[in-house]
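> Heads up: the protein sequence lines correspond to chains C and R, in order. Numbering (full-length UniProt numbering) for the first sequence: 1 to 79. Numbering (full-length UniProt numbering) for the second sequence: 1 to 482.
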Amino acid sequence: ISTEVPEAASPEEQKEMEDKEGQKYFDSGDYNMAKAKMKNKQLPTAAPDKTKVTVTTFPLHRSILNGNYLLLLASWLAG
Amino acid sequence: MVGWRSQSRDLQQDAILADRASSQDPLGSPLPKMIPGIGAFTQDTLWCFSQVKGTMETGTTEADIISTVEFNHTGELLATGDKGGRVVIFQREQESKNQVHRRGEYNVYSTFQSHEPEFDYLKSLEIEEKINKIRWLPQQNAAYFLLSTNDKTVKLWKVSERDKRPEGYNLKDEEGRLRDPATITTLRVPVLRPMDLMVEATPRRVFANAHTYHINSISVNSDYETYMSADDLRINLWNFEITNQSFNIVDIKPANMEELTEVITAAEFHPHHCNTFVYSSSKGTIRLCDMRASALCDRHTKFFEEPEDPSNRSFFSEIISSISDVKFSHSGRYIMTRDYLTVKVWDLNMENRPIETYQVHDYLRSKLCSLYENDCIFDKFECVWNGSDSVIMTGSYNNFFRMFDRNTKRDVTLEASRENSKPRAILKPRKVCVGGKRRKDEISVDSLDFSKKILHTAWHPSENIIAVAATNNLYIFQDKVN
């Protein structure tokens with residue numbers, strides 16, 4: 001009886017499977033397991049509550065003022 | 001007890017003293033006739049409570065928070081918009097001959113849902129239904145027209161009265177059911193009969209899909225044919241009759257958004273010159289543009305900026321210099337701007353500095369760090385002129401609002417609160433104590449309630465009647481009728 005044993009990934013294959021953080025995977029099975037885990041974490045917990053309206057606006061004005069302030073703070077902290 | 005008098009003299013305090021003195025005048029000579037805000041012979045104005053609208057409950061529903069207040073051009077109507085997208089219009093009752101000492105009160109005239117919450121599916125963003133601004137059109141017939149806007153869409157509403165209804169149809173009976181034609185043997189002409197007054201609000205135009213960013217201002221042009229809407233980066237010109245097109249007249253969006261450092265914060269048309277408008281920025285500058293110069297008014301005609309005072313420089317200098325409101329004077333000669341700590345009056349003929357600067361709440365200058373942490377530093381206060389451009393008003397925290405008399409250079413701080421809400425009760429001037437010994441009537445800076453902010457106020461176009469929005473309550477104050 002022969003069972004299928006996954007071969008370790010070659011360096012080229014490992015490079016392909018490297019994700020953004022440079023995490024290396026042993027083989028494609030390992031890679032798929034890791035991806036599945038990440039997907040599970042991102043599952044929405046529940047359908048958005050229609051009674052509670054949460055507003056995600058795009059306050060450009062606020063972000064500009066904040067941004068300018070944080071830049072100033074950063075440059076002060078740097079030098 | 002002369003020593004304790006502070007340098008800046010309260011308008012209200014002096015007025016109260018003068019009033020008491022004259023009422024004890026043995027000759028019984030009447031006070032000089034009050035001409036609202038005009039000329040050197042103005043008796044200092046005494047402000048009294050008139051009305052308050054809104055619930056007294058402490059738990060406020062967010063939807064009830066008033067987000068804009070505006071009188072119409074005659075002052076007969078007063079409109080408010082709230083966070084729930086509703087518009088409530090109050091109408092001043094006719095002054096009756098037998099109640100000379102009671103000025104016309106404002107009663108609810110019409111209430112309607114102007115904007116509903118929307119969802120932008122492409123960007124996965126909710127679009128708030130909060131009414132950012134209401135602007136009235138001048139009345140040209142029996143109906144009233146106003147523009148109301150939320151972050152994305154401007155709507156033109158027609159508010160009209162119906163006090164007659166047709167009766168005596170041939171094909172329908174009085175309940176509206178169709179009559180069997182076989183039963184009709186005679187013809188009659190329907191007649192108009194009086195009915196209970198009904199006020200209807202109908203949306204006449206919807207100006208949508210023209211703004212990528214949030215609309216902060218709308219302004220009706222003096223030609224009464226066009227108006228403009230301004231968002232953070234662009235200003236569009238609309239014709240009232242055309243909803244599927246608008247002209248872009250200002251575009252400050254850089255090719256690379258990472259280079260963006262400045263946004264448009266407010267914009268307004270000149271009250272008389274239909275080709276002129278101004279817009280303010282988050283960097284404390286104002287640009288005046290002439291639409292005759294070019295189709296795209298990216299290059300300003302005038303640029304108003306005050307050189308920075310190096311002694312006042314702090315980390316928060318740029319944030320607090322952001323202009324939250326800009327308003328032309330009724331005369332069209334001046335503009336008033338509001339930034340976090342001051343109100344400034346600029347002469348259109350002088351670009352390098354304002355002609356007047358008024359401190360609204362300078363005691364907050366040392367508290368800017370905590371005001372940044374609790375987000376209050378981003379609050380956008382509005383400012384208004386009185387009808388004669390002699391007095392300006394703006395709001396502050398703790399439900400305080402401030403008035404500055406441009407002629408006498410005196411100012412007063414008043415409070416919109418339920419405690420001072422007895423009919424015709426005279427408002428007592430308030431004072432904030434900066435440090436050291438706090439006197440009995442004063443309130444210390446640390447005791448100020450920063451959740452009670454007065455961002456929106458309005459002044460009647462010709463009389464001394466003001467409307468002050470304090471969270472979910474609308475206060476109306478009038479000057480004392482002698």
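Positions of the beta carbon are idealized from the N, C-alpha and C atoms, including for glycine.
1) Using a Cβ cut-off of 9 Å (strictly closer), state whether C:Leu65 contacts chain R.
2) According to DSSP, is R:Gln12 helix, strand or coil?
3) What residue from R:Thr186, R:Val434 and R:Phe207 has the CA that sits closest to R:Ile242's CA?
4) Only counting runs of 3 or more residues, tell me where the beta strand (DSSP E) segments fall wholly within the segment 215-243 of chain R, in order along the chain.
5) Is the beta carbon of R:Ser96 closer than 9 Å to that of R:Gln478?
6) Contact criterion: CB-CB distance below 9 Å. Does C:Leu60 meet it with respect to chain R?
7) Give the DSSP-derived three-state secondary structure of R:Met257 in the structure shown.
8) Under 8 Å by Cβ, that's how I've got R:Ile454 and R:Ser366 pegged, so tell me the actual separation to the nearest angstrom.
9) Kindly indicate which three-state DSSP category R:Arg292 falls into: helix, strand or coil?
10) Taking its Cβ as the centre, do 16 or more other Cβ atoms sit within 10 Å of R:Val151, making it buried, or is it exposed?
11) Could you check whether R:Cys274 and R:Asn221 sit closer than 9 Å to each other, using their CB atoms as the reference points?
12) Would you say C:Leu77 lies against chain R (beta-carbon separation less than 9 Å)?
13) Could you list which residues in chain A have their beta carbon closer than 8 Å to that of C:Leu72, in chain order?
14) Name the DSSP beta bridge partners of R:Thr149, please?
15) Strictly by DSSP, which residues pair up with R:Asn473?
16) The segment 262-273 of chain R: which residues have C-beta closer than 8 Å to a C-beta of chain C, in chain order?
17) Alpha carbons only, please: which of R:Ile127, R:Val154 and R:Met198 is nearest the one belonging to R:Ser110?
18) Classify R:Tyr340 as helix, strand or coil using the three-state DSSP reduction.
19) Can a CB atom of chain C be found closer than 9 Å to the CB of R:Tyr334?
20) If you follow the beta strand (DSSP E) that C:Asn66 is part of, which residue opens it and which one closes it?
21) Give, in chain order, every residue of the segment 231-248 of chain R whose Cβ lies closer than 8 Å to some Cβ of chain C.
22) Compute the distance between the beta-carbons of R:Asn398 and R:Asp449, then report whether it is under 9 Å.
23) So, for R:Leu187: in the same chain, excluding its five sequence neighbours on each side, which residues have a beta-carbon less than 7 Å away from its beta-carbon?
24) So which residues of chain C does R:Ser282 contact, with C-beta pairs closer than 7 Å?
25) For the beta strand (DSSP E) containing R:Ile319, list its first residue and its last residue.
26) Are the CB atoms of R:His115 and R:Lys130 nearer to each other than 9 Å?
27) DSSP three-state call for R:Ile66: helix, strand or coil?
28) Mind listing, in chain order, the continuous beta strand (DSSP E) runs of no fewer than 3 residues lying wholly within the segment 352-433 of chain R?
29) Report yes or no: do three or more beta-carbon pairs, one from the segment 314-334 of chain R and one from the segment 375-388 of chain R, lie closer than 8 Å?
30) Hey, does R:Pro30 have any beta-carbon neighbour from chain C nearer than 9 Å?
31) DSSP state of R:Pro271, grouped into three classes?
32) Any idea if R:Asn472 is buried or exposed, counting beta-carbon neighbours within 10 angstroms, 16 or more meaning buried?
33) Taking CB distances under 9 Å as the criterion, tell me whether C:Tyr31 reaches chain R.
34) The beta strand (DSSP E) that contains R:His456, what's its start and end?
35) Between which two residues does the beta strand (DSSP E) holding C:Phe26 run?
36) Pull up the CB-CB distance for R:Gly75 and R:Ser462, whole angstroms please, since I reckon it's below 8 Å.
Taking the geometry as given:
1) The residue labelled residue 65 of chain C in the question sits at position 65 within the first sequence. Output row for C:Leu65: interface = yes.
2) Your numbering for residue 12 of chain R matches position 12 in the second sequence. In the structure shown, R:Gln12 sits in a helix (DSSP, three-state: H, G or I).
3) To locate residue 242 of chain R, count along the second sequence from 1; it is residue 242. When C-alpha distances from R:Ile242 are compared across R:Thr186, R:Val434 and R:Phe207, the shortest belongs to R:Phe207.
4) 217-220, 226-230 and 234-239
5) Within the second sequence, the letter at position 478 stands for residue 478 of chain R. Within the second sequence, the letter at position 96 stands for residue 96 of chain R. A distance of 9 Å or more separates the beta carbons of R:Gln478 and R:Ser96.
6) Taking the first sequence and counting its residues from 1, one reaches residue 60 of chain C at position 60. Interface residue, yes.
7) Counted from its first residue, the second sequence places residue 257 of chain R at position 257. Three-state DSSP puts R:Met257 in a helix.
8) Against the second sequence, residue 454 of chain R aligns to sequence position 454. Against the second sequence, residue 366 of chain R aligns to sequence position 366. No, R:Ile454 and R:Ser366 are not in contact; Cβ-Cβ is about 22 Å, not under 8 Å.
9) Residue mapping note: residue 292 of chain R aligns to position 292 of the second sequence, counting from 1. Residue state, collapsed to three classes: coil.
10) As a first step, residue 151 of chain R is located in the second sequence; it is residue number 151 there, counting from the start. Sequence inspection shows Asp at residue 151 of chain R; the Val mentioned does not correspond to that position. Around the beta carbon of R:Asp151, a 10 Å sphere encloses 16 or more other beta carbons of the protein chains shown; the residue is thus reported as buried.
11) In the second sequence, counting from the first residue as 1, residue 221 of chain R sits at position 221. In the second sequence, counting from the first residue as 1, residue 274 of chain R sits at position 274. The answer is yes: Cβ separation under 9 Å.
12) The residue labelled residue 77 of chain C in the question sits at position 77 within the first sequence. Chain R contact via Cβ: absent.
13) Within the model displayed, chain A is absent; protein chains C and R are what it includes.
14) Position 149 of the second sequence, counting from 1, holds the residue named residue 149 of chain R. R:Lys133 and R:Val154.
15) Counting from 1 along the second sequence, the entry for residue 473 of chain R is found at position 473. Answer is R:Ala470, bridged to R:Asn473.
16) Going along the segment 262-273 of chain R in chain order, one finds Glu262, Val263 and Thr265 with a Cβ nearer than 8 Å to chain C.
17) Numbered from its first residue, the second sequence carries residue 110 of chain R at position 110. Considering only R:Ile127, R:Val154 and R:Met198, the residue with the shortest C-alpha distance to R:Ser110 is R:Met198.
18) Along the second sequence, read from residue 1 onward, the residue named residue 340 of chain R stands at position 340. Note: R:Tyr340 maps to coil in three-state DSSP.
19) Position 334 of the second sequence, counted from the first residue, corresponds to residue 334 of chain R. No, because no Cβ of chain C sits closer than 9 Å to the Cβ of R:Tyr334.
20) Against the first sequence, residue 66 of chain C aligns to sequence position 66. Where C:Asn66 is concerned, there is no enclosing beta strand (DSSP E), although the alpha helix (DSSP H) it sits in stretches over Leu60 to Ala78.
21) Asp232 and Leu233
22) Along the second sequence, read from residue 1 onward, the residue named residue 398 of chain R stands at position 398. Along the second sequence, read from residue 1 onward, the residue named residue 449 of chain R stands at position 449. Contact flag set, yes.
23) As a working mapping, residue 187 of chain R is identified with position 187 in the second sequence. Only Asn170 meet the Cβ criterion.
24) Against the second sequence, residue 282 of chain R aligns to sequence position 282. Simply His61, Ile64 and Leu65.
25) Translated into positions along the second sequence, residue 319 of chain R becomes position 319. Note, R:Ile319: premise wrong, no beta strand (DSSP E); alpha helix (DSSP H) at Ser317 to Ser321.
26) In the second sequence, counting from the first residue as 1, residue 115 of chain R sits at position 115. In the second sequence, counting from the first residue as 1, residue 130 of chain R sits at position 130. Result yes, Cβ atoms of R:His115 and R:Lys130 sit closer than 9 Å.
27) Position 66 of the second sequence, counted from the start, is the residue given in the question as residue 66 of chain R. Correct three-state label for R:Ile66: strand.
28) 356-359, 383-385, 391-395, 400-405 and 411-415
29) Contact between the segment 314-334 of chain R and the segment 375-388 of chain R is present, because at least three Cβ pairs lie under 8 Å.
30) Mapped onto the second sequence, residue 30 of chain R falls at position 30. With a pLDDT of 41 at R:Pro30, under the threshold of 50, the modelled position of that residue is not reliable, and the figure given next carries that caveat. It does not; no Cβ of chain C falls within 9 Å.
31) Walking along the second sequence from the start, residue 271 of chain R turns up at place 271. Coil at R:Pro271, not helix or strand.
32) In the second sequence, the residue the question calls residue 472 of chain R occupies position 472. So R:Asn472 counts as buried.
33) Working through the first sequence from its first residue, we reach residue 31 of chain C at position 31. Not a single C-beta of chain R is nearer than 9 Å to the C-beta of C:Tyr31.
34) Stepping through the second sequence from its first residue, residue 456 of chain R is reached at position 456. Taken as a continuous stretch (DSSP letters only), the beta strand (DSSP E) holding R:His456 covers His456 to Trp459.
35) Walking along the first sequence from the start, residue 26 of chain C turns up at place 26. Boundaries cannot be given for C:Phe26, as no beta strand (DSSP E) includes it and DSSP labels it neither H nor E.
36) Position 75 of the second sequence, counted from the first residue, corresponds to residue 75 of chain R. Position 462 of the second sequence, counted from the first residue, corresponds to residue 462 of chain R. That belief holds up - the Cβ atoms of R:Gly75 and R:Ser462 are roughly 6 Å apart, short of 8 Å.
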